[in-house]
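Chemist: Provided herewith is a single structure, encoded as structure tokens, for subsequent inquiry.
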Amino acid sequence: MKKLLLPLAGALLIISGLSGCQSTELVSGLPTPSVVTESTAADSSGEPGATSENSEADGQIQSTEQSVTVESPAEDSGTPEQRAAEILSGMTAAEKAGQVILARYPGENALSEAQKYHLGGYVMFGVDFRGSTPEEITAEIAEIQSASKLRMLFAADEEGGTVVRISKYPQYRAEPFPAQAEVLSQGLDAVSSEAQEISGLMSSMGLNMNLAPVCDLPRSETDFIYDRAFSTDPQQTSRAVGTAVESYGQSGLICALKHFPGYGNNLDTHTGISIDERPLSEITELDLEPFQAGISAGAPVVMVSHNIVNCIDDSLPGSLSGKMYAFLREQGFTGAAMTDDLSMDAVGEYCGENAAAVTALKAGADILCCTDYASAAEALTAAVESGEIPEERIDEAVTRVLLLKLAYGIIE
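Numbered per this note's numbering, the sequence shown spans residues 26 to 437.
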């Protein structure tokens, strides 16, 4: 269904100072698809422009403490910002906490769990598609959406190659989607076509978000992320990322750039902590280029990795670091920042998933990928009610999620 383009500026969300919160400047709007058709990173088997205003000291990025105050809803809720403020004003602490969670799909209890915890979305993995038909998946999602107070995000990782949650099964596609590098070898038109075909497949079943493209820039064929990347060349990768993002936008499917600020030659964070010791100059000159291309093309979501990037924050995984989210905002990104799966070992070795959810939200994440979503929702609700998570921060995150859903026609 055709949708009008929304303005990218002029949001009714006002920047103000906030103590005790490391979130950065708020979205003035979200990139909007021209057409709306209707990981997270788990293991590959399918189971559960340069920076601006960077200040450097001792080789590390220093974050600034900025946040926002959400303006009271106007009587006329004709703009997305006004509508988001109107919805937000009627939400309880528990509803706000649930709205920022992208939960691991629980199967047969999905409807009751979504209602109980006010979940903002579900992410589905290979096991959720394996024994079902496209018609059954379509019916499941439609039932949940029709019963939801606020319609949900439904996401999956359909990168192509080794990470294909849906097309790996023949009832969905005759062959799995090929790897990003294989597609790019056929030219940018092929990249565009694959993004459009993935969008068509996912949208036809009611899914509205693909956790792709992979923007990481491996250094060699031996690197963990190599098989999932477009190329080792930053310019080729950037062109491919920009093309894919534009095609997803034209097809009306939300996409997510991952894994900011880039894996490079680092280890797999599914299996433990990965410490990135590369200098800031290398990251800014090489790894950021594909992300900047995706942001410029209108990517609405960026997934932040669990790598500990020493030159930005040597004490926390990126997904939990206020300095990392500040660094992301310095790239000009105004959309929704999301974590990689908070159940992954790289986070588990640092803190429990519930503590990680609270820490990530306080740091500046807007969407939290959670396997143990029930405990995370309870921890977030308690933290909001106690003031551990400032009202301005939870409202900022929820507003970004609502604007994302409004931009893609998921809610009205």
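For each residue, glycine too, the CB sits at the ideal point set by N, CA and C. These figures come from a predicted structure and were not determined experimentally.
For the stretch 249 to 316, list the alpha helix (DSSP H) runs that are entirely contained and at least 4 residues long, ordered along the chain.
Modeler: Runs of the alpha helix (DSSP H) inside the stretch 249 to 316: 259 to 276.
Chemist: Just confirm the distance between the C-beta atoms of residue 184 and residue 205, as a whole number of angstroms; I'd bet it's less than 8 Å.
Modeler: Position 159 of the sequence shown, counting from 1, holds the residue named residue 184. Position 180 of the sequence shown, counting from 1, holds the residue named residue 205. That belief holds up - the Cβ atoms of residue 184 and residue 205 are roughly 7 Å apart, short of 8 Å.
Chemist: Could you pull out every residue in the same chain whose Cβ sits closer than 6 Å to the Cβ of residue 257, ignoring the five residues on either side in sequence?
Modeler: Stepping through the sequence shown from its first residue, residue 257 is reached at position 232. Once the five neighbours on either side are set aside, the close Cβ partners of residue 257 are 243.
Chemist: How many whole angstroms separate the CB atoms of residue 349 and residue 394, which I take to be in contact at a CB cut-off of 8 Å?
Modeler: As a working note, residue 349 is residue 324 in the sequence shown. As a working note, residue 394 is residue 369 in the sequence shown. With a Cβ gap of about 16 Å, residue 349 and residue 394 do not count as contacting.
Chemist: Buried or exposed: where does residue 260 fall if 16 or more other Cβ atoms within 10 Å of its Cβ makes it buried?
Modeler: Taking the first residue of the sequence shown as 1, we reach residue 260 at position 235. Answer is exposed; the Cβ neighbour count stays below 16.
Chemist: With a threshold of 7 Å on Cβ separation, who are the neighbours of residue 173 within its own chain once the five nearest residues in sequence on each side are excluded?
Modeler: On the sequence shown, residue 173 is found 148 positions in, with the first residue counted as 1. Hits under 7 Å: 139.
Chemist: Run the CB neighbour count on residue 54, radius 10 Å, all protein chains shown included, and call it buried at 16 or more, exposed below.
Modeler: The residue given as residue 54 occupies position 29 in the sequence shown. Unreliable placement is indicated for residue 54, whose pLDDT of 47 sits below 50; no coordinate value is reported for it.
Chemist: Could you tell me if residue 214 is buried or exposed, where buried requires 16 or more neighbouring beta carbons within 10 angstroms of its beta carbon?
Modeler: For the purposes of this step, residue 214 is taken as residue 189 along the sequence shown, with counting starting at 1. Classification of residue 214: exposed, given that the 10 Å Cβ count is below 16.
Chemist: Who are the Cβ neighbours of residue 170 in its own chain at under 6 Å, not counting the five residues just before and after it?
Modeler: Within the sequence shown, numbered from 1, the residue matching residue 170 stands at position 145. Closer than 6 Å at Cβ, skipping near neighbours: 176.
Chemist: Give me whichever residues DSSP pairs with residue 394 in a beta bridge.
Modeler: Taking the first residue of the sequence shown as position 1, residue 394 is located at position 369. Per DSSP, 127.
Chemist: Quick check on the burial criterion: 16 or more other C-beta atoms within 10 angstroms. Buried or exposed for residue 355?
Modeler: Your numbering for residue 355 matches position 330 in the sequence shown. Looking at its Cβ environment, which holds 16 or more other Cβ atoms inside 10 Å, residue 355 is buried.
Chemist: For a test of the three-state rule: what should DSSP assign to residue 150, helix, strand or coil?
Modeler: Residue mapping note: residue 150 aligns to position 125 of the sequence shown, counting from 1. Coil at residue 150, not helix or strand.
Chemist: Whose C-beta lies closer than 7 Å to the C-beta of residue 285 among residues of the same chain, with five residues either side of it excluded?
Modeler: Mapped onto the sequence shown, residue 285 falls at position 260. Correct list, in chain order: 316, 327, 328, 329, 330 and 353.
Chemist: According to DSSP, is residue 179 part of a helix, a strand, or is it coil?
Modeler: On the sequence shown, position 154 is the one that residue 179 refers to. Correct three-state label for residue 179: strand.
Chemist: Ends of the alpha helix (DSSP H) at residue 426?
Modeler: Start at 1 with the first residue of the sequence shown, and residue 426 comes out as number 401. Per DSSP, residue 426 belongs to the alpha helix (DSSP H) from 416 to 432.
Chemist: Thinking just about the alpha-carbon of each residue, which of 146, 188 and 132 is nearest to the one in residue 430?
Modeler: By one-based count along the sequence shown, residue 430 stands at place 405. If we check each option's Cα against that of residue 430, 146 comes out closest.
Chemist: Confirm, please, whether the CB-CB distance from residue 239 to residue 254 is below 8 Å.
Modeler: Along the sequence shown, read from residue 1 onward, the residue named residue 254 stands at position 229. Along the sequence shown, read from residue 1 onward, the residue named residue 239 stands at position 214. Contact: yes.
Chemist: For residue 262, does the count of other Cβ atoms within 10 angstroms reach 16, so buried, or fall short, so exposed?
Modeler: Position 237 of the sequence shown holds residue 262. Residue 262 is buried by the Cβ-count criterion.
Chemist: Rounded to whole angstroms, what's the CA-CA distance from residue 384 to residue 334? Just pull it up for me.
Modeler: The residue you call residue 384 lines up with position 359 of the sequence shown. The residue you call residue 334 lines up with position 309 of the sequence shown. Those two C-alpha atoms are separated by around 17 Å.
Chemist: Have a look at 391, 367 and 417 and flag the residue whose alpha-carbon is nearest the alpha-carbon of residue 124.
Modeler: Residue 124 sits at position 99 when you count from the first residue of the sequence shown. With distances taken between CA atoms, residue 124 lies nearest to 391 out of 391, 367 and 417.
Chemist: Rounded to whole angstroms, what is the Cα-Cα separation between residue 97 and residue 189?
Modeler: Translated into the one-based positions of the sequence shown, residue 97 becomes position 72. Translated into the one-based positions of the sequence shown, residue 189 becomes position 164. Because the pLDDT at residue 97 is just 43, under 50, the model does not fix this residue reliably, and the point stays unresolved.
Chemist: Grouping DSSP H, G and I as helix and E and B as strand, with all else coil, what is residue 111?
Modeler: As a first step, residue 111 must be located in the sequence shown, where it is residue number 86. Looking at residue 111 - three-state DSSP - the assignment turns out to be helix.
Chemist: Please classify residue 167 as buried or exposed, where buried requires at least 16 other C-beta atoms within 10 Å of its C-beta.
Modeler: Here residue 167 refers to the residue found at position 142 when the sequence shown is read from its first residue. Flag for residue 167 reads exposed.
Chemist: The alpha helix (DSSP H) spanning residue 384 covers which residue range?
Modeler: Along the sequence shown, read from residue 1 onward, the residue named residue 384 stands at position 359. Segment 378 to 388, the alpha helix (DSSP H) holding residue 384.
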